[in-house]
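**Q** Before I ask anything, let me first share the structure, which is written out below as structure tokens.
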Amino acid sequence: MAATRVTVIPGDGIGPDIMSATIRVLDALDCGLTYDYAIAGQTALDKGEDLVPQETLDLIEKNPVALKGPITTPVGKGFRSVNVTLRKHFDLFANLRPALSIPGVRSRYDNVDIVTIRENIEGIYSGEGQTVSDDGERAELRSVITRKESKRLMRFAYEAARRLNRRKVTVVHKANIMKSTSGLFLDVARSIAKEYDDIEHEEMIVDNCAMQLVMNPHRFDVIVTTNLFGDILSDLCAGLTGGLGLAPGANVGEHKGIFEAVHGSAPDIAGQNIANPTALMLGAAMMLEYLERNEDAERMRKAIRFVVGEGKVTTPDLGGKASTSEFTDEVIRNL
Ligand code: NAD
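Below is the structure:
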């Protein structure tokens, strides 16, 4: 198979540690990937560049996929999130976040297997209409949902459910209160669901969904929802299966994918070589699948799940004593 170029953005905080660990595993797989390294976020600001330099945008544009480490979003005025910027710029309208239990990992439940599909470019996270009055007494943020984007997302969700042999799609909303935005989203969901009568369609209000996920996660299969709800619920799902250190995510558009870990830059443990690289490694496995290198993806995933599940060489977040590098060595030994 011809070589595929991947744009690699290590990010900041624990990003560089978990990215070099992930690249070591990809190299050990010897699946013919080559890399273009790029910067964004604080790393770019430190070099006197824009938050997302043009060169980075060009590299992401050039290659079919990118692998991205976590990036700190400076809190305060004037900084747009790098993630939001990239998702919008490259029209990555869907965010796939699988939460799959790993046998052996201590967690609240066994056998959780939920895929959250989150709308990625609209809603309250779009950053539109953010203002604070001059006296600092009133803040505003606009949420826009369109029929066009909701349709595209819903089709993507139902097609993904079919491809992944899933039985049910739960549409999560708050249409009882947010009658305009969530109401439109739900309306579109109902009409698209009719085209997929082989898949059960379910509707659930977001607060109830949060409770049901904690009480009985096994009743869920695929969850599809708007941006903010999806962000929160997918972290909840990650927590159900053993924590943020294990949860990957894929930002997908019509022609491009940016793959990452769900978690952030974890400044509290940065630079200590103890971060768990599993989430980003599983994100890289999703990237291999997207590139139709299914065998490599499966080899990588199997080795990671074996080492994590066995529990002998794991990082402190999973109760182990291993460093990021020792864990990575063990994954490579088990490929
Ligand atoms: P976080 O996900 O960085 O950390 C939350 C907790 O989980 C911390 O205690 C951290 O140590 C732990 N943790 C996270 N990943 C871990 C890993 N791989 N191994 C072991 N422990 C891990 O969330 P936060 O502290 O709220 O956010 C920090 C920064 O990251 C913020 O600036 C936020 O905006 C940014 N962020 C970026 C992304 C992204 O780039 N995709 C996602 C979420 C947050």
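Numbering (UniProt numbering), first residue to last: 1 to 335.
Ideal Cβ positions, reconstructed from N, Cα and C, are used throughout, including at glycine.
Because the structure is a prediction, the values reported are computed rather than measured.
(1) From L92 to T85, what does the alpha carbon distance come to, in whole angstroms?
(2) Put Y158 into one of helix, strand or coil per three-state DSSP.
(3) Go through its chain and collect everything with a Cβ distance to H255's Cβ below 8 Å, but skip five positions before and after it.
(4) Any chance the CB of H255 is under 7 Å from a heavy atom of the ligand NAD?
(5) When the Cα atoms are used, what is the spatial distance from S325 to A21?
(6) Taking the alpha carbon of D317 as the reference point, which residue from L244, E260, L282 has its own alpha carbon closest?
(7) Span of the beta strand (DSSP E) holding Y290?
(8) Which partner residues of T34 appear in the DSSP bridge assignment?
(9) Quick one: what's got a C-beta closer than 7 Å to S323's C-beta in the same chain, skipping five residues either side?
(10) Starting from F259, trace the beta strand (DSSP E) in both directions and tell me its first and last residue.
(11) Return the first residue and the last residue of the alpha helix (DSSP H) that L244 is part of.
(12) Can we say the region 218 to 232 touches the region 161 to 174, given the rule of at least three CB pairs closer than 8 Å?
(13) Taking the alpha-carbon of L240 as reference, which of V105, L26, A40 has the nearest alpha-carbon?
(14) Give me whichever residues DSSP pairs with M204 in a beta bridge.
(15) Do you know how far the Cα of S101 is from the Cα of A189?
(16) Assuming L29 and D296 are in contact, meaning their beta carbons sit under 8 Å apart, how far apart are those beta carbons, in whole angstroms?
(17) Suppose you measure from the CA of S133 to the CA of L288; what does that come to, to the nearest Å?
(18) Can you give, in chain order, each stretch of the beta strand (DSSP E) that sits fully within the region 77 to 124 and has at least 3 residues?
(19) Counting along the chain, where does the beta strand (DSSP E) carrying I223 start and finish?
(20) Is the CB-CB distance between F327 and T315 below 8 Å?
(21) Are the beta-carbon atoms of S180 and K174 separated by less than 8 Å?
(22) Tell me the rounded alpha-carbon separation between V313 and D329.
(23) Quick test of your reading: E260 and K68, contact by CB under 8 Å. State the CB separation rounded to the nearest angstrom.
(24) Inspect the CB distances between the region 105 to 124 and the region 230 to 238 and report whether three or more fall short of 8 Å.
**A** On the basis of the coordinates in this document:
(1) Residue numbering aside, residue 92 sits at position 92 when the sequence shown is read from its first letter. Residue numbering aside, residue 85 sits at position 85 when the sequence shown is read from its first letter. Their Cα atoms are separated by approximately 10 Å.
(2) Reading the sequence shown from its first residue, position 158 is the one you call residue 158. Helix.
(3) Taking the sequence shown and counting its residues from 1, the one referred to as residue 255 is at position 255. Taken in chain order, the residues that qualify are P64.
(4) Residue 255 sits at position 255 when you count from the first residue of the sequence shown. Every heavy atom of the ligand NAD is 7 Å or more from the Cβ of H255, so no.
(5) For the purposes of this step, residue 325 is taken as the residue at position 325 of the sequence shown. For the purposes of this step, residue 21 is taken as the residue at position 21 of the sequence shown. Approximately 7 Å between the Cα atoms of the pair.
(6) Residue mapping note: residue 317 aligns to position 317 of the sequence shown, counting from 1. The shortest C-alpha separation from D317 is found at L244.
(7) Here residue 290 corresponds to residue number 290 of the sequence shown, with the count starting at 1. Looking at the DSSP string, Y290 is not in any beta strand (DSSP E); the run it does join, the alpha helix (DSSP H), is 278 to 290.
(8) Start at 1 with the first residue of the sequence shown, and residue 34 comes out as number 34. BP columns for T34 point to R5.
(9) For the purposes of this step, residue 323 is taken as the residue at position 323 of the sequence shown. N273, I274.
(10) Counting from one through the sequence shown, the residue named residue 259 turns up at place 259. 257 to 261 is the extent of the beta strand (DSSP E) around F259.
(11) As a working mapping, residue 244 is identified with position 244 in the sequence shown. No alpha helix (DSSP H) contains L244, which DSSP labels as neither H nor E.
(12) yes
(13) The sequence position of residue 240 within the sequence shown is 240, counting from 1. Minimum Cα distance to L240 is reached at V105.
(14) Reading the sequence shown from its first residue, position 204 is the one you call residue 204. Note: M204 sits in a beta bridge opposite V172.
(15) By one-based count along the sequence shown, residue 189 stands at place 189. By one-based count along the sequence shown, residue 101 stands at place 101. Cα to Cα, the separation comes out at about 28 Å.
(16) By one-based count along the sequence shown, residue 29 stands at place 29. By one-based count along the sequence shown, residue 296 stands at place 296. Going by Cβ atoms, the distance from L29 to D296 rounds to 5 Å, so yes, they are a contact pair.
(17) Numbered from its first residue, the sequence shown carries residue 133 at position 133. Numbered from its first residue, the sequence shown carries residue 288 at position 288. So the alpha carbons of these two residues sit roughly 47 Å apart.
(18) 94 to 100, 113 to 119
(19) Locating residue 223 in the sequence shown gives position 223, where the first residue counts as 1. Taken as a continuous stretch (DSSP letters only), the beta strand (DSSP E) holding I223 covers 222 to 225.
(20) As a first step, residue 327 must be located in the sequence shown, where it is residue number 327. As a first step, residue 315 must be located in the sequence shown, where it is residue number 315. It is a contact, given that the beta carbons lie within the stated cut-off.
(21) For the purposes of this step, residue 180 is taken as residue 180 along the sequence shown, with counting starting at 1. For the purposes of this step, residue 174 is taken as residue 174 along the sequence shown, with counting starting at 1. No; because the gap between Cβ atoms is not below 8 Å, this pair is not in contact.
(22) Mapped onto the sequence shown, residue 313 falls at position 313. Mapped onto the sequence shown, residue 329 falls at position 329. Taking the straight line from one Cα to the other gives about 9 Å.
(23) Translated into the one-based positions of the sequence shown, residue 260 becomes position 260. Translated into the one-based positions of the sequence shown, residue 68 becomes position 68. Going by Cβ atoms, the distance from E260 to K68 rounds to 5 Å, so yes, they are a contact pair.
(24) yes
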